[in-house]
Amino acid sequence: MVEFTLWDILRNLLLAARWTVGLSLVAFIGGGLVGFALLIARLTPSRGARRLVSFYVQLFQGTPLLIQLFLAYFGLALFGIQTSAWTAAALALTAYTSAFLSEIWFGCVASVPRGQWEAARSLALTFGEQLRHVILPQALNIAIPPTVGFLVQVIKGTALASVIGFVELTKAGGMITNATFRPFTVYAAVALIYFALCYPISLTARALERTLHAAHR
Amino acid sequence: MIRTVVNLDFGTILVDWRMLAKGVAWTLGLTAVSATGGLALGVGCAWARIHGPAWLKAVTGAYVELFRNTPFIVQLFFIFFGLPAAGFRLSPEAASILAMVINLGAYATEIIRAGIEATPRGQVEAALSLALSRMQIFFHVVLPPALRKIWPALVSQIIIVMLGSSVCGQISTEELSFAANLIQSRNFRAFEAFIVAALIYLALSIGLRRLLNWLGPRFLFGD
Amino acid sequence: MPPIVEIAGLYKSFGETQVLRGVDLNVEPGEVIAIIGRSGSGKSTLLRCINGLERFDSGAILIKNKQIDHDSAAAMRELRQQVGMIFQSFNLFPHLNVGRNIMLAPKLVKKRAAQQGEEQARALLARVGLEEKFDAMPDRLSGGQQQRVAIARALAMEPAVLLCDEITSALDPELVGEVLRVVESLARDGMTLMMVTHEIGFARKIADRLIFMHQGKVHEMGPPEELFANPRTPELRQFLSSLHS
Chain A
1 MVEFTLWDIL RNLLLAARWT VGLSLVAFIG GGLVGFALLI ARLTPSRGAR
51 RLVSFYVQLF QGTPLLIQLF LAYFGLALFG IQTSAWTAAA LALTAYTSAF
101 LSEIWFGCVA SVPRGQWEAA RSLALTFGEQ LRHVILPQAL NIAIPPTVGF
151 LVQVIKGTAL ASVIGFVELT KAGGMITNAT FRPFTVYAAV ALIYFALCYP
201 ISLTARALER TLHAAHR
Chain B
218 MIRTVVNLDF GTILVDWRML AKGVAWTLGL TAVSATGGLA LGVGCAWARI
268 HGPAWLKAVT GAYVELFRNT PFIVQLFFIF FGLPAAGFRL SPEAASILAM
318 VINLGAYATE IIRAGIEATP RGQVEAALSL ALSRMQIFFH VVLPPALRKI
368 WPALVSQIII VMLGSSVCGQ ISTEELSFAA NLIQSRNFRA FEAFIVAALI
418 YLALSIGLRR LLNWLGPRFL FGD
Chain C
441 MPPIVEIAGL YKSFGETQVL RGVDLNVEPG EVIAIIGRSG SGKSTLLRCI
491 NGLERFDSGA ILIKNKQIDH DSAAAMRELR QQVGMIFQSF NLFPHLNVGR
541 NIMLAPKLVK KRAAQQGEEQ ARALLARVGL EEKFDAMPDR LSGGQQQRVA
591 IARALAMEPA VLLCDEITSA LDPELVGEVL RVVESLARDG MTLMMVTHEI
641 GFARKIADRL IFMHQGKVHE MGPPEELFAN PRTPELRQFL SSLHS
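Chains as they are written, first to last, in this note's numbering: chain A, 1 to 217; chain B, 218 to 440; chain C, 441 to 685.
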């Protein structure tokens with residue numbers, strides 16, 4: 001039997017962590033794009049579009065991410081699409097992220113005073129111009145800290161992709177445990193790597209939040 | 218040729234309603250116990266973060282950051298698979314509850330602390346002038362209005378923990394997602410099984426939010 | 441010349457409450473109209489209907505012979521270029537400096553070239569007495585200064601009518617004067633103005649016509665001197681006497 005040193009364990013975990021980072025980025029960027037489209041749909045005067053987006057958000061916020069991953073994995077197969085765990089995970093996490101981000105951003109847009117919309121409207125700006133030049137620049141300021149903060153939720157969320165067999169940090173932890181029989185060390189190391197990824201982002205989000213509050217005083 | 222018609226059969230899932238019901242019971246049970254434990258832990262740690270000695274502040278601070286910046290599933294696996302190696306063996310159910318309590322506790326600490334720090338200083342001073350003890354002030358003057366203010370945030374966090382409990386099926390705690398998995402492994406109707414589970418979770422999260430919004434004002438901070 | 445604003449049989453409710461119950465009113469070009477009345481009499485709602493911020497239930501509003509049509513975005517855009525609005529709470533865009541606040545709409549809507557836009561903005565700022573504030577951010581200005589910038593911003597669209605919705609109500613008393621002086625100079629230059637105001641003395645001084653609104657209708661109107669000297673209805677009499685006490 002091969003002896004695993006602590007360094008061997010750590011090295012293999014770090015290699016797998018690249019997939020955690022990759023999946024997080026795909027979900028965050030993809031979810032951001034979809035979330036932005038959802039936000040715009042929700043801001044249009046169309047009542048149907050607004051209802052649909054609210055329903056979508058409620059659906060993803062009211063069910064476990066794990067079940068969403070299962071549904072993506074088995075659902076795609078049902079439609080005859082050959083899926084890898086990677087595709088299913090990327091898809092589910094993108095949808096999940098888009099729902100949360102669009103909700104966060106909708107809150108930021110809602111916090112821009114109504115008078116700003118009215119002033120822009122009274123100056124004959126179109127709906128698109130009102131958004132682009134008046135509302136979104138103001139909402140963006142408020143949106144940055146919680147958006148950065150949500151990246152932490154996305155990174156932690158990717159750990160669930162291990163359950164449908166995608167080999168990222170958590171899954172690698174399980175595999176290395178099976179090979180080394182050192183679950184305590186391995187899972188502690190896994191946790192520390194997640195912490196090293198997430199904690200700096202949490203601190204950044206908090207610092208951004210503080211700057212924003214200071215600017216508003 | 219691409220098959221365009223997808224056959225869905227929910228009947229075969231609902232036949233196993235007993236399993237689903239048992240899963241729901243476990244999910245709700247886990248959530249109830251961990252919500253109670255997590256809130257108690259949160260109140261204790263929030264107190265420690267504000268009034269405790271420096272070392273205790275540091276310890277609770279580290280606890281909060283550590284558990285908020287790592288995935289729940291890793292916390293659960295560490296407790297269930299890792300701790301036995303250190304001589305601390307738990308049943309799947311006990312490990313699930315422990316993980317959920319500690320996880321919720323970390324979030325609740327921060328939420329409750331924020332609520333307490335928003336309480337006006339004058340109220341504490343008024344209470345001090347009435348010769349109330351530090352403990353009495355905390356539990357009778359500071360905590361109730363703080364809880365009222367942050368209750369919606371706590372309710373959301375409890376629902377997140379309830380949804381997160383679906384992961385506990387991975388260590389064979391027989392909660393709802395475990396039941397769905399068991400059903401699909403028998404009849405190979407995975408998609409339908411998880412759709413049903415998703416709808417039940419959705420109903421549970423809506424119902425739980427209503428229930429907690431009703432309970433909070435009545436029993437926790439008396440309106 | 442035909443009236444610039446024609447309002448006929450205007451009705452508007454918010455839920456169960458009827459706010460406007462059949463308003464009829466014509467405004468001639470160059471006329472200065474002051475609208476007075478108790479809160480809840482429908483004054484602000486009337487103004488907000490005229491530039492389409494509020495939909496009305498029935499009746500018609502014509503601006504320069506064109507009917508307001510909420511279902512046509514192009515028509516509304518056309519309308520709002522004719523009708524400028526100043527708000528009680530200024531509503532300057534906080535993320536843009538003063539100059540860009542003024543230049544934004546002309547650039548987007550009228551496709552005005554950058555240099556031309558800047559020249560116009562500077563000229564308008566000079567007109568409201570704030571030529572040195574071109575680069576300032578709105579939150580660095582006093583309330584009175586912000587409101588004067590808001591006036592310059594509305595004027596940049598070269599509207600045919602300017603609506604003023606209680607534009608001094610949010611100001612400290614010592615800042616009211618500077619804003620009113622700007623409005624007065626606009627009136628002198630022949631701008632068509634419709635203003636809802638609590639500054640009765642000011643209304644009396646510059647308005648060509650005073651409109652007293654009561655329970656969602658134009659209850660009484662006429663030249664200020666006439667209305668102040670001989671109020672015909674008990675409601676106006678009561679309203680005027682409540683001001684003096």
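Glycine included, C-beta positions come from ideal geometry on N, C-alpha and C.
Does the beta carbon of residue i come closer than 8 Å to any beta carbon on chain A?
i	result
C/His535	yes
B/Ser383	yes
B/Ile219	Bear in mind that a pLDDT of 45 at B/Ile219, under 50, signals an unreliable position, so the model cannot answer this.
B/Glu282	yes
C/Arg520	yes
C/Phe527	yes
B/Gln374	no
B/Thr248	no
B/Ile329	no
C/Leu493	yes
C/Met635	no
C/Met597	yes
B/Ser422	yes
B/Ala252	no
Does any C-beta atom of chain C lie closer than 8 Å to the C-beta of residue i?
i	result
A/Thr44	no
A/Pro145	no
A/Arg47	no
A/Gln116	yes
On the CB-based measure, 16 or more other CB atoms within 10 Å of its CB, does residue i come out buried or exposed?
i	result
B/Thr221	At B/Thr221, the pLDDT of 47 sits below 50, so the modelled position is not reliable; the number obtained from the coordinates is stated separately. Counting Cβ neighbours within 10 Å, B/Thr221 comes out exposed, since fewer than 16 surround it.
B/Arg196	Lying before the first or after the last residue shown, residue 196 of chain B is absent from chain B, which here runs from 218 to 440.
C/Gly656	buried
C/Val538	buried
A/Gly128	exposed
A/Phe60	buried
A/Trp7	exposed
C/Met441	exposed
A/Glu80	According to the sequence shown, residue 80 of chain A is Gly rather than Glu. Exposed is the call here.
B/Val232	exposed
B/Ser313	buried
Under 9 Å Cβ-Cβ, which residues of chain A neighbour residue i?
i	result
B/Thr418	Looking at the sequence itself, residue 418 of chain B is Tyr, so the reference to Thr does not match. In chain order: Gly62, Thr63, Pro64 and Ile67.
C/Val549	Leu123, Ala124, Leu125, Thr126 and Glu129
C/Leu544	Ala120, Leu123, Leu125, Glu129, His133 and Val134
C/Ala513	Thr126 and Phe127
B/Val276	Residues of chain A passing the Cβ test: none, with the nearest at roughly 16 Å.
Residues of chain B with CB under 7 Å from residue i, in chain order?
i	result
A/Thr5	Those within 7 Å of A/Thr5 in chain B number zero; the least Cβ separation is about 17 Å.
A/Pro183	Phe298, Gly299 and Ala302
A/Phe195	Leu283, Asn286 and Thr287
Taking residue i as part of the alpha helix (DSSP H), name the residues at either end of that continuous run.
i	result
B/Cys385	Here B/Cys385 belongs to no alpha helix (DSSP H), and DSSP marks it neither H nor E.
B/Met236	Trp234 to His268
C/Asn541	Val538 to Val549
B/Ser422	Ala407 to Leu432
C/Arg520	Ala513 to Gln522
C/Arg672	No alpha helix (DSSP H) holds C/Arg672; DSSP gives it neither H nor E.
C/Ile640	Ile640 to Ile646
A/Leu71	Leu65 to Leu78
What residues of chain C sit near residue i, judged by a beta carbon separation below 7 Å?
i	result
A/Val134	Phe533
The beta strand (DSSP E) with residue i in it runs from where to where?
i	result
C/Gln458	Thr457 to Val467
C/Val445	Val445 to Phe454
C/Val658	Lys657 to Gly662
C/Val601	Val601 to Asp605
C/Arg588	Looking at the DSSP string, C/Arg588 is not in any beta strand (DSSP E); the run it does join, the alpha helix (DSSP H), is Gly583 to Leu595.
C/Ala474	Val472 to Ile476
Whose Cβ in chain C lies nearer than 9 Å to the Cβ of residue i?
i	result
A/Pro137	Phe533, His535 and Leu536
In chain F, what lies closer than 7 Å to residue i by C-beta?
i	result
A/Gly75	You won't find chain F in this structure, because its protein chains are A, B and C.
Find the residues of chain A that neighbour residue i, judging by a C-beta separation of less than 7 Å, and give them in chain order.
i	result
C/Asn505	Those do not exist, as C/Asn505 stays about 18 Å from chain A at its closest Cβ, beyond 7 Å.
C/Arg517	Ala124 and Thr126
Can a CB atom of chain B be found closer than 8 Å to the CB of residue i?
i	result
A/Lys171	no
Mind listing the chain A neighbours of residue i? Cutoff is C-beta to C-beta under 8 Å, in chain order.
i	result
B/Ile412	Leu71
* Are the stretch 614–622 of chain C and the stretch 455–471 of chain C touching by the rule of at least three beta carbon pairs closer than 8 Å? -> no
* To do: For the stretch 474–481 of chain C and the stretch 583–601 of chain C, state whether three or more C-beta atom pairs, one from each stretch, are separated by less than 8 Å.
  => no
* Contact between the stretch 481–500 of chain C and the stretch 639–650 of chain C: three or more CB pairs below 8 Å? -> no
* Asked: Taking contact to mean at least 3 C-beta pairs separated by less than 8 Å, is the stretch 139–149 of chain A in contact with the stretch 546–554 of chain C?
  -> no
* Given 8 Å, three or more beta-carbon pairs between the stretch 369–385 of chain B and the stretch 35–43 of chain A -> no
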